[in-house]
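Below is one structure, written out as structure tokens, with a few remarks after it.
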Amino acid sequence: MRIEKIAQRVKCDIASCGKTAVYTVHGGAGLARNINLCEQCARELYKELSKLFVPKSPQNVVAKAVKDASISLYEAADKKSGGRK
Ligand SMILES: [Zn+2]
0 MRIEKIAQRV
10 KCDIASCGKT
20 AVYTVHGGAG
30 LARNINLCEQ
40 CARELYKELS
50 KLFVPKSPQN
60 VVAKAVKDAS
70 ISLYEAADKK
80 SGGRK
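According to numbering that gives the first Met the number 0, the residues represented by the sequence shown are 0 to 84, in order.
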């Protein structure tokens with residue numbers, strides 16, 4: 000799935016809208032079967048989705064990567080610096 004700006008004149012897929020779509024969400028089956036959104040509806044959708052999907056904190060992402068690699072934070076820092084002390 001990918002989202003692109005479009006130049007073709009297609010209507011926004013939000014039923015109550017009716018404006019010209021600016022973005023299309025490719026589902027792999029052609030423009031008519033994509034989800035097409037105008038600027039305003041795309042922004043509203045983004046805002047609503049952000050309420051559902053809270054990004055992980057960078058600290059948690061680092062901690063998970065270290066855990067997955069089975070090395071300590073000290074070792075990770077040591078490798079990054081090339082073993083210099
Ligand atoms: Zn719209």
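For every residue, glycine included, the Cβ atom is placed at its ideal position computed from N, Cα and C. What you are looking at is a predicted structure, and each value in this text was computed from that prediction instead of being measured.
Check your understanding: Should I2 be counted as a contact of ligand 1 given a C-beta to heavy atom distance under 7 Å?
Key -> Taking the first residue of the sequence shown as position 1, residue 2 is located at position 3. Checking the Cβ of I2 against ligand 1 gives no.
Check your understanding: Buried or exposed: L30, going by 16 or more other Cβ atoms within 10 Å of its Cβ?
Key -> Translated into the one-based positions of the sequence shown, residue 30 becomes position 31. The residue in question, L30, is exposed, as its Cβ has fewer than 16 Cβ neighbours within 10 Å.
Check your understanding: So, are the CB atoms of M0 and V21 less than 8 Å apart?
Key -> Indexing the sequence shown from 1 puts residue 0 at position 1. Indexing the sequence shown from 1 puts residue 21 at position 22. Contact: no.
Practice item. Quick one: grab the DSSP three-state call for K46. Key: For the purposes of this step, residue 46 is taken as residue 47 along the sequence shown, with counting starting at 1. In the structure shown, K46 sits in a helix (DSSP, three-state: H, G or I).
Check your understanding: In this structure, does DSSP put K63 in helix, strand or coil?
Key -> Residue numbering aside, residue 63 sits at position 64 when the sequence shown is read from its first letter. Helix.
Point to revise | Enclosing beta strand (DSSP E) for L36 [first to last residue] | key: Stepping through the sequence shown from its first residue, residue 36 is reached at position 37. That run of the beta strand (DSSP E) goes 34-36.
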